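Asks: Dumping the structure here so I can ask a few things about it.
Protein chains in written order, with my numbering: chain A, 2 to 251; chain B, 4 to 182.
See below:
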């Protein structure tokens, strides 16, 4: 028998050690999120999954579930804040969806759709972020990076290669490649790496394969991100953040 | 029958794809034309905008003329709608924004291989390009945004019929898109 907490007024059961996010997704309830990935230890950096717990705002991906919590998520106050976070991510980078091969498969875009983001609202930064096309099989387009760190985690924890890292602080924070040259060709990154699979946007791309799925059949064309996230939930990690799927494959 | 709403449309730094998408509402143009009439628009060839209820603008702001037209629309339209990726985000023309405008023009007109005796266009009738391409909301207040490259005819129809009926326009899954 499991305990329950209240999410937007209805009960959600949870197992000991689950976070609010894990229990909600396992129970068929979607909480918007970007940097959370069911196979990795959450680090609560994007704040899109922020909920109100007993009146205080918390990242639901890192907050342990406890019996009797009163969690508010799908309320206009929080969705407004989430919209703001997503808009800031859009203007900080260069997210030109019409030419992006991740369009339709992009979690940032799909989350923005779900939050009804109709405009970037803020002034665009239009930063200058050169591509890294040095690797024979893999292209890095840093314009789209939202600093979720999933590639950093996947490369170090699953692939054991430490190909990626974040450097700088605040607005100068950016994704780097751990090679003396700073170029991907001087790492042992390979197409079979877990780090190839986890980017929620369109930074890490396989060369020679762009736009392979027609519009209308892409990941988020048929079903919104809320439905897709629930489909992904059953392969979720246990409470320690380790994952049988990843560990079996590594 | 109540008075028809007057609607103006234009394309600034756009490709007219959003106007084509407006025409993609197909036979629904007839019920739409029961509700609205066009003022300045590529569809009427009226050159300047009079007082209007709704202004619909495609394309971002990339040159001095775009700024004048956008301000004319804002001055005359009670409700201004940015339609399409370029109007909403700057879009394709804004992909030059991280580059220096001078070196862009130099490369395109002078140093690009295959150009013989090229020169940077300087006819006084040509509007001067701006240093950066801007989405509309960076220049004037915009009341509504319809993203998409272009937004589908169905999205435009849903949005306009919501707006004309006095509902808050809302695009659900499948209608809201950025590509």
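A virtual CB, placed ideally from N, CA and C, is assigned to each residue, including glycine.
These numbers come from a predicted model, not from an experiment.
List the residues of chain A that residue 91 of chain B touches, going by C-beta distances under 9 Å, in chain order.
Replies: 119, 120 and 121
Asks: Which residues in the same chain as residue 248 of chain A place their Cβ atom closer than 7 Å to its Cβ, once the five residues preceding and following it in sequence are excluded?
Replies: Unreliable placement is indicated for residue 248 of chain A, whose pLDDT of 42 sits below 50; no coordinate value is reported for it.
Asks: I'd like the ranges of any alpha helix (DSSP H) spanning at least 4 consecutive residues and lying wholly in the stretch 60 to 118 of chain B.
Replies: 67 to 79, 87 to 92 and 104 to 109
Asks: Express the C-alpha separation of residue 25 of chain A and residue 14 of chain A in angstroms, rounding to a whole number.
Replies: 8 Å
Asks: Specify the secondary structure class of residue 8 of chain B as computed by DSSP and reduced to three states.
Replies: strand
Asks: Kindly indicate which residue of A:18, A:39 and A:21 has the alpha-carbon position closest to the one of residue 233 of chain A.
Replies: A:39
Asks: What three-state label does DSSP hand residue 56 of chain B in the structure shown?
Replies: strand
Asks: Starting from residue 57 of chain A and walking both ways along the beta strand (DSSP E), at which residues does that stretch end?
Replies: 57 to 60
Asks: Could you have a look at residue 51 of chain A and say whether DSSP puts it in helix, strand or coil?
Replies: strand
Asks: Beta-carbon within less than 7 Å of residue 74 of chain B's beta-carbon, same chain only, minus the 5 sequence neighbours each way: which residues are those?
Replies: 143
Asks: On the three-state DSSP scale, how would you describe residue 135 of chain B?
Replies: strand
Asks: From the DSSP output, read off the bridge partner residues of residue 147 of chain A.
Replies: Answer is none; residue 147 of chain A lacks a bridge partner.
Asks: Counting only Cβ-Cβ distances shorter than 7 Å, please list the residues of the stretch 121 to 141 of chain A near chain B, keeping chain order.
Replies: 121, 124, 125, 127, 128 and 129
Asks: Name the DSSP beta bridge partners of residue 40 of chain B, please?
Replies: The partner list for residue 40 of chain B (beta bridge, DSSP) reads B:9.
Asks: From residue 61 of chain A to residue 111 of chain B, what does the alpha carbon distance come to, in whole angstroms?
Replies: 51 Å
Asks: Express the C-alpha separation of residue 147 of chain A and residue 171 of chain A in angstroms, rounding to a whole number.
Replies: Roughly 13 Å separates the two Cα atoms.
Asks: Counting only beta-carbon separations shorter than 7 Å, does residue 35 of chain A have a partner in chain B?
Replies: no
Asks: Report the neighbours of residue 110 of chain A on chain B: residues whose CB is nearer than 9 Å to its CB, in chain order.
Replies: Per Cβ cutoff of 9 Å: 180, 181 and 182.
Asks: Would DSSP call residue 14 of chain A helix, strand or coil?
Replies: If DSSP states are grouped into helix, strand and coil, residue 14 of chain A belongs with the strands.
Asks: Give me the chain B residues within the contact set of residue 104 of chain A, using Cβ-Cβ distance strictly less than 8 Å, ordered along the chain.
Replies: 181 and 182
Asks: If we define contact as Cβ-Cβ less than 7 Å, is residue 114 of chain A a contact residue for chain B?
Replies: yes
Asks: Which bits of chain A does residue 66 of chain B rub up against, with CB to CB less than 8 Å?
Replies: The contacting residues do not exist; residue 66 of chain B stays about 17 Å from chain A at best.
Asks: Quick check on residue 182 of chain B: does DSSP put it in helix, strand or coil?
Replies: coil
Asks: Leaving out five residues on either side along the sequence, give the residues of the same chain with a beta carbon under 8 Å from the beta carbon of residue 179 of chain A.
Replies: 163, 164, 165, 166 and 188
Asks: Below 8 Å on C-beta distance, what does residue 99 of chain A contact in chain B?
Replies: Per Cβ cutoff of 8 Å: 88, 94, 95, 152, 181 and 182.
Asks: So what does residue 207 of chain A bridge to, in DSSP terms?
Replies: Its beta-bridge partners are A:139.
Asks: Between A:110, A:151 and A:101, which has its C-alpha nearest residue 211 of chain A's C-alpha?
Replies: A:101
Asks: From what residue to what residue does the alpha helix (DSSP H) around residue 164 of chain B run?
Replies: Under the DSSP assignment, residue 164 of chain B falls in the alpha helix (DSSP H) whose first and last residues are 156 to 167.
Asks: So residue 118 of chain A is in the alpha helix (DSSP H); what residue range does that whole segment cover?
Replies: Taken as a continuous stretch (DSSP letters only), residue 118 of chain A belongs to no alpha helix (DSSP H), as it is neither H nor E.
Asks: So what's residue 159 of chain A in DSSP terms, helix, strand or just coil?
Replies: helix
Asks: Under the three-state reduction of DSSP, which class applies to residue 123 of chain B: helix, strand or coil?
Replies: coil
Asks: Tell me, please, whether the CB atom of residue 201 of chain A is closer than 7 Å to any CB atom in chain B?
Replies: no
Asks: Should residue 192 of chain A go down as buried or exposed, given a rule of 16 or more other Cβ atoms within 10 Å for buried?
Replies: By the beta-carbon neighbour count (other beta carbons within 10 angstroms, threshold 16), residue 192 of chain A is exposed.
Asks: Apart from the five residues on each side of it in sequence, which residues of its chain come closer than 7 Å, Cβ to Cβ, to residue 159 of chain B?
Replies: 24, 25, 28 and 149
Asks: Does the Cβ of residue 204 of chain A have 16 or more other Cβ atoms within 10 Å, making it buried, or fewer, making it exposed?
Replies: By the Cβ-count criterion, residue 204 of chain A is buried, with 16 or more other Cβ atoms from all chains shown falling within 10 Å of its own Cβ.
Asks: So does the stretch 63 to 78 of chain A actually touch the stretch 117 to 125 of chain A, counting three or more Cβ pairs closer than 8 Å?
Replies: no
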